[in-house]
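Those protein sequences? They're chains A and B, same order as listed.
Residues in the first sequence are numbered from 524 upward in steps of one, following our numbering.
Residues in the second sequence are numbered from 1370 upward in steps of one, following our numbering.
Positions of the beta carbon are idealized from the N, C-alpha and C atoms, including for glycine.
These figures come from a predicted structure and were not determined experimentally.
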Amino acid sequence: MTALLEVADLRVTIGSTAAVRGASITVNKGETHCLVGESGCGKSISALSVMGLLPRGSRRETTALRFAGQEIGGFNEREMSRLRGDRMAMIFQEPMTSLNPAYTVGSQMTEVLRRHRGATRVQAVDRAAELLARVGITAPGLRLGQFPHQLSGGLRQRVMIAMALMCDPELLIADEPTTALDVTVQAQILRLLATLQKDLGLGILLITHDLGIVARVADRVSVMYAGEVVESAPTAALFAAPEHPYTRGLLTCVPVPGKVKRDEPLGSIPGVVPRIQPGFTGCGFRDRCAQATPACAGTIPRQRAGADHETLCVLPPGWKAAA
Amino acid sequence: MTAAIEVRGLRREFRVRQGVFAPPKRVIAVDDVSFAVPPGSVLGVVGESGCGKSTLARLILGLLEPTAGDVVVDGQRLSAMDRRARARLIQPVFQDPFASLNPKRRVRDIVAMPLIAQGDMAGRDIDRRVAEALERVGLSVDQGTRYPAQLSGGQRQRVAIARALVLRPRIVVCDEPTSALDVSVQAQILNLLAELRRDLGLTYLFISHNLAVVEHIATEVAVMYLGRIVERAESETLFAAPRHPYTRALLASVLTPEPGLGVPDVGLGDVMPDPANIPPGCRFHPRCPVAVGQCSTEAPRPANDAAGLVECHLA
């Protein structure tokens, strides 16, 4: 399998917060890689830094940031904006805030193709209509003339996806694409993404906090906590044998119909995600971890727990909690 | 036994402006809803956005006047009670603890407000009750002196729960109480709500779009679609054997963390429910995967039996 996106040792500092601390993520062609974690763990910032869209005042360092074999870490704003929306595209959580309310769906969609490919208006409109139909929107001609507020949440997210596909991207970064939607619509949108991926060979980096989504759509999972990838594995391996105490804890927090009895408490992780200052050492999870030892304040080894399965923890792979 | 909450033929309409010259349109948010919740139980209300579940919560809290019908809480008609008496009986916990707490007041003052509003309690007693409520939800006295902005989302939701409990109500209406929280914090809050119900004998009306959460906490579940309850049953029964096609679709769309199953096709099509344009016949028929001819012309009657209520021609 060929790597489409390779991020190695990504570090992002925003003001006095170390938002990402040495995260490495690889997305292969035609693969869905899920970044999962709670709010404030650095998953969105990681994605934004790949796209070169970090907020002002933030600093990014990597040892490698390769897209389709090309190092893009040193690209300036102009070179990045040529890539963005063309070969790599992004969709966001809330389509109402990421679509411009003052322009019609059609004019926003065609702009992408005209800017990147110099297409004529007619060509761009044809392509937009074709893609709206592709993402399951009926009467695309009518929708092109409408404004975002005239569409339902599910339709808007479909428009966002269609817009991201205008230039046939190789990489799609989706940041919580279904969090604002109803469960029924969520299932439709996730099915759509899966079909598109199969047909177009897209590499998808999907950011979510929902372990249900991860289990159902991901090929590979990276669990982020406090700016680090604490565990990374193929999806089946991660759910069958989670290693990191945070991953294990997270899995017990989710109520599963038919699995957890009513009135039986759910597992929970005490405390909250900390804000990490630059210069922090040791494991970011140790204050919330039931297994913490003094060794957790030192350097944490990245250990192999199986084929392609890595965990960032001092505990030996396959550890069992002391009774 | 008197029901904790009883709702009879409840209906609420809104008038929505269409434009400068167009006449306002009538939107029926809650349409002829009746149910009773026995004391000590939890009625979970589920449905998509726009189905009227939050309007229902506001009607039961007395924050909205019903267009028709009655809300009876603990044997007394809500409309006949004054606001103070109502507050002693029924209290809300809302979704967003960032929006529902006054940012300029300290936590202990926020929690004391319902007691002060009652107007008949001495300062010393208020302090004692506030400390008791904070302890009950797992907050320290020291946290009582802070401002909401200094607390995390989970702690803020604990403050909202403490404020709801400080008057020792019998009933708490929870409108998406964990939707704004992270999963690990959601579990903490759900465990707290379950523990409070056990210890204090509370009755909950628990509104959520997350069926897994509802299954975990509710004893009985009502499924709403475009303002009507289309199915109501004991939680176990509903999740084991859903009878309404909409309930089945909702359950199918729950993504449990089980790898390899893929994303199911819920079979609902592309038509979105619009409360301003309720279809004739069964209001679910444009999206229903099993609809027959009768469904588009004739509205189904609610059928009550031992297993609960269902409103479908085919059930």
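Assigned exposure category for residue i - 16 Cβ within 10 Å defines buried
| i | result |
| --- | --- |
| Ile1485 (chain B) | exposed |
| Arg1477 (chain B) | buried |
| Glu1589 (chain B) | buried |
| Lys566 (chain A) | buried |
| Ala760 (chain A) | buried |
| Gln709 (chain A) | buried |
| Pro1538 (chain B) | buried |
| Glu1545 (chain B) | buried |
| Ala1556 (chain B) | buried |
| Glu1600 (chain B) | buried |
| Ser755 (chain A) | buried |
Interface partners of residue i on chain B, CB under 8 Å
| i | result |
| --- | --- |
| Phe762 (chain A) | Pro1626, Glu1627, Pro1628 |
| Ala661 (chain A) | Sequence inspection shows Thr at residue 661 (chain A); the Ala mentioned does not correspond to that position. Under the 8 Å cutoff, chain B gives Asp1639. |
| Arg605 (chain A) | Under the 8 Å cutoff, chain B gives no residues; its nearest Cβ is about 34 Å from Arg605 (chain A). |
| Gly790 (chain A) | Ala1556 |
| Thr707 (chain A) | Glu1417, Ala1618, Leu1619, Ser1622, Val1635, Leu1637 |
| Ser675 (chain A) | Met1641 |
| Ala710 (chain A) | Ala1621, Ser1622, Leu1624, Val1632, Pro1633, Asp1634, Val1635 |
| Leu774 (chain A) | Pro1626 |
Residue i: contacting residues in chain A (beta-carbon distance under 7 Å)
| i | result |
| --- | --- |
| Val1402 (chain B) | What Val1402 (chain B) touches in chain A: nothing, since even the nearest Cβ is about 20 Å away. |
| Leu1391 (chain B) | In the sequence as displayed, the identity of residue 1391 (chain B) is Ala instead of Leu. None at all; the shortest Cβ gap to chain A is about 15 Å. |
Top-ranked residue by Cα proximity to residue i, from the options
| i | options | result |
| --- | --- | --- |
| Ala845 (chain A) | A:Thr816, A:Ile823, A:Gly565, A:Thr731 | A:Thr816 |
| Val740 (chain A) | A:Pro839, A:Cys557, A:Ser539 | A:Cys557 |
| Ile1459 (chain B) | B:Thr1436, B:Pro1472, B:Pro1483, B:Arg1475 | B:Pro1483 |
| Asp1401 (chain B) | B:Gly1638, B:Gly1438, B:Ile1374 | B:Gly1438 |
| Gly560 (chain A) | A:Glu787, A:Arg809, A:Pro824, A:Gly772 | A:Gly772 |
| Pro1466 (chain B) | B:Gly1523, B:Leu1571, B:Glu1584 | B:Gly1523 |
| Ile1530 (chain B) | B:Ala1518, B:Pro1669, B:Asn1560 | B:Asn1560 |
| Val1528 (chain B) | B:Ile1598, B:Ser1548, B:Leu1630, B:Arg1515 | B:Arg1515 |
| Pro618 (chain A) | A:Thr822, A:Cys776, A:Glu554, A:Ser675 | A:Ser675 |
| Ala719 (chain A) | A:Gly677, A:Gly659, A:Gly750, A:Glu751 | In the sequence as displayed, the identity of residue 719 (chain A) is Leu instead of Ala. Taking only the C-alpha atoms, the option nearest Leu719 (chain A) is A:Gly659. |
| Val795 (chain A) | A:Ala820, A:Tyr769, A:Gly781, A:Phe803 | A:Tyr769 |
| Gln1487 (chain B) | B:Ile1479, B:Ala1454, B:Asn1471 | B:Ala1454 |
| Glu833 (chain A) | A:Thr643, A:Ile568, A:Pro757 | A:Pro757 |
| Ala1621 (chain B) | A:Asp831, A:Thr707, A:Leu774, A:Cys812 | A:Thr707 |
| Met747 (chain A) | A:Glu529, A:Ile568, A:Ala685 | A:Ile568 |
| Leu1508 (chain B) | B:Ile1397, B:Thr1547, B:Arg1532 | B:Arg1532 |
| Ser745 (chain A) | A:Asp722, A:Arg607, A:Val550, A:Arg534 | A:Val550 |
| Asp1643 (chain B) | B:Lys1394, B:Leu1379, B:Ala1372, B:Gly1419 | B:Gly1419 |
| Phe1575 (chain B) | B:Val1599, B:Ser1604, B:Val1554, B:Gly1596 | B:Ser1604 |
| Thr1436 (chain B) | B:Leu1412, B:Val1414, B:Leu1379, B:Asp1551 | B:Leu1379 |
| Arg638 (chain A) | A:Ile684, A:Thr536, A:Leu606, A:Gly563 | A:Leu606 |
| Gly553 (chain A) | A:Ile537, A:Ala591, A:Thr536, A:Gly545 | A:Ala591 |
| Ser646 (chain A) | A:Val682, A:Lys843, A:Met689 | It should be pointed out that residue 646 (chain A) corresponds to Gln in this sequence rather than to Ser. Answer by Cα proximity: A:Met689. |
Chain A contact residues for residue i, given Cβ-Cβ distances below 8 Å
| i | result |
| --- | --- |
| Ala1468 (chain B) | Going along chain A, no residue has its Cβ under 8 Å from Ala1468 (chain B), so there is no contact; the nearest lies around 16 Å. |
| Pro1648 (chain B) | Chain A residues near Pro1648 (chain B): none, gap ~16 Å exceeds 8 Å. |
| Leu1559 (chain B) | Pro778, Leu789 |
| Ser1521 (chain B) | Val795 |
| Phe1608 (chain B) | Pro780, Gly781 |
Residue i: contacting residues in chain B (beta-carbon distance under 7 Å)
| i | result |
| --- | --- |
| His732 (chain A) | Asp1551, Val1552 |
| Ala717 (chain A) | Val1632 |
| Leu713 (chain A) | Val1632 |
Closer than 9 Å at the beta carbon, the chain B residues around residue i
| i | result |
| --- | --- |
| Gly735 (chain A) | Ala1581, Val1623, Leu1624, Thr1625, Pro1626, Glu1627 |
Cross-chain neighbours of residue i in chain A, by beta carbon under 9 Å
| i | result |
| --- | --- |
| His1654 (chain B) | Going along chain A, no residue has its Cβ under 9 Å from His1654 (chain B), so there is no contact; the nearest lies around 16 Å. |
| His1578 (chain B) | Asp705, Val706 |
Margin query: So if I threshold CB-CB distances at 8 Å, which residues from the stretch 556-574 of chain A count as touching chain B?
Written below: Glu561, Ser562
Checklist line | Against chain B: residues of the stretch 739-763 of chain A by CB proximity under 7 Å | finding: Only Arg739, Val740, Thr758, Ala759, Phe762 from the stretch 739-763 of chain A bring a Cβ to less than 7 Å from some Cβ of chain B.
Note to self: Measuring CB atoms only, is the stretch 699-718 of chain A touching the stretch 634-653 of chain A, in the sense that at least three cross pairs come out at less than 8 Å?
What the structure shows: no
Checklist line | Segment contact flag, the stretch 1648-1664 of chain B with the stretch 1570-1584 of chain B, C-beta cutoff 8 Å, min 3 pairs | finding: These segments do not touch.
Check: So, do the stretch 567-582 of chain A and the stretch 661-675 of chain A have three or more beta carbon pairs nearer to each other than 8 Å?
Finding: No contact exists between the stretch 567-582 of chain A and the stretch 661-675 of chain A.
Check: Is the stretch 602-618 of chain A touching the stretch 561-581 of chain A, taking contact as three or more C-beta pairs under 8 Å?
Finding: By the Cβ test, the stretch 602-618 of chain A is in contact with the stretch 561-581 of chain A, since at least three Cβ pairs between them sit closer than 8 Å.
Notebook entry, point to check: Which residues, in order along the stretch 1585-1601 of chain B, keep a beta-carbon less than 9 Å from a beta-carbon of chain A?
Noted result: His1585, Ile1586, Ala1587, Thr1588
Margin query: If contact is defined by three or more beta carbon pairs under 8 Å, each pair taking one atom from either stretch, is the stretch 728-736 of chain A in contact with the stretch 693-705 of chain A?
Written below: yes
Next item on the list: Would you be able to state if there are at least three C-beta pairs under 8 Å between the stretch 1591-1598 of chain B and the stretch 787-795 of chain A?
Entry: no
Check: Does the stretch 1378-1398 of chain B touch the stretch 1492-1502 of chain B, meaning 3 or more C-beta pairs lie closer than 8 Å?
Finding: no
Notebook entry, point to check: Counting Cβ pairs, one atom from each stretch, are 3 or more of them under 8 Å apart for the stretch 537-557 of chain A and the stretch 797-812 of chain A?
Noted result: yes
Notebook entry, point to check: Along the stretch 526-539 of chain A, what residues have a CB closer than 9 Å to any CB found in chain B?
Noted result: Going along the stretch 526-539 of chain A in chain order, one finds no residue with a Cβ nearer than 9 Å to chain B.
Notebook entry, point to check: Which of the residues in the stretch 630-661 of chain A, read from start to end, lie with their CB under 7 Å from any CB of chain B?
Noted result: Gly659, Thr661
Next item on the list: For the stretch 585-592 of chain A and the stretch 621-633 of chain A, state whether three or more C-beta atom pairs, one from each stretch, are separated by less than 8 Å.
Entry: no
Next item on the list: Identify each residue in the stretch 666-690 of chain A for which the Cβ-Cβ distance to at least one residue of chain B is less than 8 Å, and report them in chain order.
Entry: Correct list: Ser675, Gly676, Gly677, Leu678.
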